[in-house]
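Going by the working numbering, 321 is the number at position 317 of the sequence shown; the sequence numbering is gapless.
What follows is one structure encoded as structure tokens, with my remarks underneath.
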Amino acid sequence: MKTERLTTAQALIKFLKVQYVERDGKEQPFFAGVWGIFGHGNVAGIGQALQQTPDFRYYLARNEQAMVHTATAYAKMSNRLRAFACTSSVGPGATNMITGAATATINRLPVLLLPGDVFARRNLAPVLQQLESEHTQDISVNDAFKPVSRYWDRINRPDQLPFSLMETMRVLTSPAETGAATLALPQDVQAEAWDYPVELFEKRTWHIPRPLADRTLLARATEWIRASQKPFIITGGGVIYSEACEALARLVEQTGIPIGETMAGKGALNWDHPQNLEAVGVTGTPGANILAREADLVIAVGTRLSDFTTASKTAFQNASVRFININIAGFDAHKHAALPLVADARATLDELREMLKGYRVADEYASRIASFKDEWKAEVEQLFNRQHVPISQSEVIGIINNFSRPKDVVVCAAGSLPADLHKLWRTRDPKGYHLEYGYSCMGYEIAGGLGVKIADPAREVYVMVGDGSYLMMSNEIVTAIQEGCKINIILLNNYGFSSIGGLSQALGSGGFGTDYRARNSESGQLDGARLEIDFAANAASLGAHVIRATTRDDLQKALAEARRTERTTVVVIEVDKEVRVPGYESWWDVPVAEVSEIEAVKQAREGYDEALKRERNFF
Ligand SMILES: Cc1ncc(C[n+]2csc(CCOP(=O)(O)OP(=O)(O)O)c2C)c(N)n1
Ligand SMILES: [Mg+2]
């Protein structure tokens, strides 16, 4: 057997460089490079290996959580066909990646995490940043990655590496199993050498399959659809990742079945497609939510059916509703006791179209869909044109939406923006709406925007971020400038948490603890003077081009200036926190105190108890 003597780290990098994926006959390298921040746990191991492999690009980030978000956004934008690895030092560098790992895994997006680990040889313990345990030496902080990783391993000897690499690739490239894969790398093992079989470093292409549904179940699904008076399709992120948008359009055009889109599935059809009722669920449109409520058959495609989509299991009220779930993952396909079509979305939608020839929804159903669409269009126009002073968030969304070009991408993750964007943003391209709403992780926005831009530099990226999220993680502006990647960041300042503040108000708690205010020495509470933060100065200090805007007109001009600028630009605009976009025909289960001394809370609890009665479980 021919071998090559390499360190564990060198072998790892050499292997990653030659991994390819292929779907529908199109082949491409899977890894675009490695993000990292060095410390003693990786600098002389992975760091050294990267140094001697300049054609496998190394990207220096500012925060380990952020770099995992950037990698995840890149994978999402690439429909999971490309990914990054992320290397960290031991201890805090490693655990900083855990939130990123959870974000990736929950959203079913591939990222390879390579946290440094403490010495496998143990004689030096405790080393700097090592968590000790009194009951075992077989533990480190990296064990905390286990619940948030789809694959987890620790490489304690160089000769273990090849076996773990094969498993890692199997998981990362599997549409059903993908998420974060973690290989913990003890710092001594990274630098140890072994004679690796050269076979390991030959180009390897992982086929991404399009499995077909079980024939019997597909036939039964066809019967169910043909028997349905009020079918309703929910499109999830899987439709987009599978590149099934065209197949979906053809199916709904032929059958007249309406669709509602989840956060990850928004953009599957253009906003003005006649069958597209747009957002469904807690942050949905009236049309989508009313038809979901009445549906006798829900066809869920590529969705996890999260509580935001199911309105905390209150969305489907038809007494005889049943579900067909088309999903590549058996786990998701079986939710709601559905007829499970464990299969590729595109292949299955194509097959269903053939099998449904001659079936079409009734005229009366079709005309309801059309009138819901007209009504919603008018509602959005009104919300886009409120002319409120200070400007309202829905107006900011409208101006950016109208200014952006069809292929541009809006990026967001947490706060009140996702809810409003889900309802209002008019998508004109399957990759135009990039919302991380599986983990809804504050701090994803700017880091994620960078990942989107790296994945598709031809598109203009609009990151919409609240002041709270910005304060949590804005550091990747520096990384965007380092990489010469221009992103447009629109920072909406409303002096705190509009989202959670509004939620708190609705639950009788009056917005407690959600405003950015100073400690009041008299009350002892956080209800003193408003904290004035100069976000523009902050962004400028990181190297961004900065524009301050107040009015609708300012914002228009700022966007035009940002488009002309080659540097990452931050537009800071103050919005009125209390001028919100309402919810439509939906509900979200956030438990209210069962006993309380506050009258408003007691009242909210009454409403809560009432709403709870509508929750349904499907067995
Ligand atoms: C990391 C993280 N911490 C806490 C939360 C809970 N949370 C959701 S939205 C929000 C406030 C967001 O504030 P901001 O970014 O200013 O947006 P706004 O609500 O004002 O629109 C918080 C604290 C979260 N989603 N993520
Ligand atoms: Mg805010």
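Backbone N, C-alpha and C fix where the C-beta goes; we use that ideal spot for every residue, glycine too.
Just so you know, these numbers come straight off a predicted model, no measurement behind them.
Of all C-beta pairs linking the segment 415-430 to the segment 478-487, fewer than three are shorter than 8 Å, placing the two stretches out of contact. In this structure, the beta-carbon distance from Arg350 to Glu440 does not fall below 8 Å.
Take His73, set aside five residues on each side of it, and the residues of its chain with a beta-carbon closer than 6 Å to its own are Gly104, Tyr448, Ala451, Gly452, in chain order. Gln134 carries a coil assignment under DSSP once its states are collapsed to helix, strand and coil. In this chain, Thr266 is not harboured by any beta strand (DSSP E), its DSSP state being neither H nor E.
For the options Tyr443, Met71, Thr140, Tyr588, the alpha carbon positioned closest to that of Ala296 is the one of Tyr588.
Assignment of Met170 by DSSP, reduced to helix, strand and coil, places it in the helix class. Taken through DSSP and simplified to helix, strand or coil, Gln233 comes out as coil. In the displayed model, Tyr588 falls within coil according to three-state DSSP, outside both helix and strand. Shown here, Gln56 sits in coil according to DSSP, grouped into three states, outside any helix or strand. Across the set Gly97, Gly95, Tyr78, Glu614, the C-alpha of Tyr78 shows the shortest separation from the C-alpha of Phe88. Relative to the Cα of Met173, the nearest Cα in the group Ala522, Met446, Gln133, Trp210 belongs to Trp210. Every unbroken stretch of the beta strand (DSSP E) spanning 3 or more residues and falling wholly within the segment 488-568 is given here in chain order: 492-497, 549-553. Checking the DSSP bridge columns, you'll see Glu578 partnered with Asn497. Going by C-alpha positions, Arg254 is about 24 Å away from Glu298.
For Lys617, the three-state secondary structure derived from DSSP is coil. With a cut-off of 8 Å on Cβ pairs, the segment 546-566 is not in contact with the segment 340-354, counting fewer than three such pairs. Between the segment 148-159 and the segment 173-193, the count of Cβ pairs shorter than 8 Å is three or higher; the stretches touch.
Straight across, the Cα-Cα distance linking Val193 with Asp336 is about 38 Å. Exposure of Gln55 is indicated by the presence of fewer than 16 other C-beta atoms within 10 angstroms of its C-beta.
Taking all protein chains shown into account, Ile602 has fewer than 16 neighbouring C-beta atoms within 10 Å of its C-beta and is therefore exposed. In the structure shown, the three-state DSSP call for Ile458 is helix.
The secondary-structure analysis by DSSP pairs Gly40 across a beta bridge with Leu64, Thr91. Just so you know, the alpha carbons of Ala292 and Leu132 end up roughly 55 Å apart. In this structure, the beta-carbon distance from Leu135 to Gly183 does not fall below 8 Å.
The beta carbons of Gly241 and Ala268 sit closer together than 8 Å. Tyr474 and Val599 have their C-alpha atoms spaced approximately 36 Å apart. Distance from the C-beta of Leu535 to the nearest heavy atom of ligand 1 is not below 7 Å. For Asn331, the uninterrupted beta strand (DSSP E) segment begins and ends at 326-331. The residue from Arg521, Lys234, Ser396, Gly288 with its alpha-carbon nearest to that of Ile537 is Arg521.
For Trp39, same chain residues with a beta-carbon under 7 Å away, outside a window of 5 residues either side, are Tyr63, Ala65, Met71, Thr74, Ala75, Phe88, Cys90 in chain order. Straight-line spacing of the CA atoms in Val413 and Met446 works out to 19 Å.
Taken from the Cβ of Phe623, every heavy atom of ligand 2 lies 7 Å or farther away. With a cut-off of 7 Å, the C-beta of Asn498 is classified as near ligand 2, since at least one heavy atom of the ligand falls inside that distance. The beta carbon of Ala108 sits no closer than 7 Å to any heavy atom of ligand 1. Residue pairing of Ile238 in beta bridges, as defined by DSSP: Gly264, Ala304.
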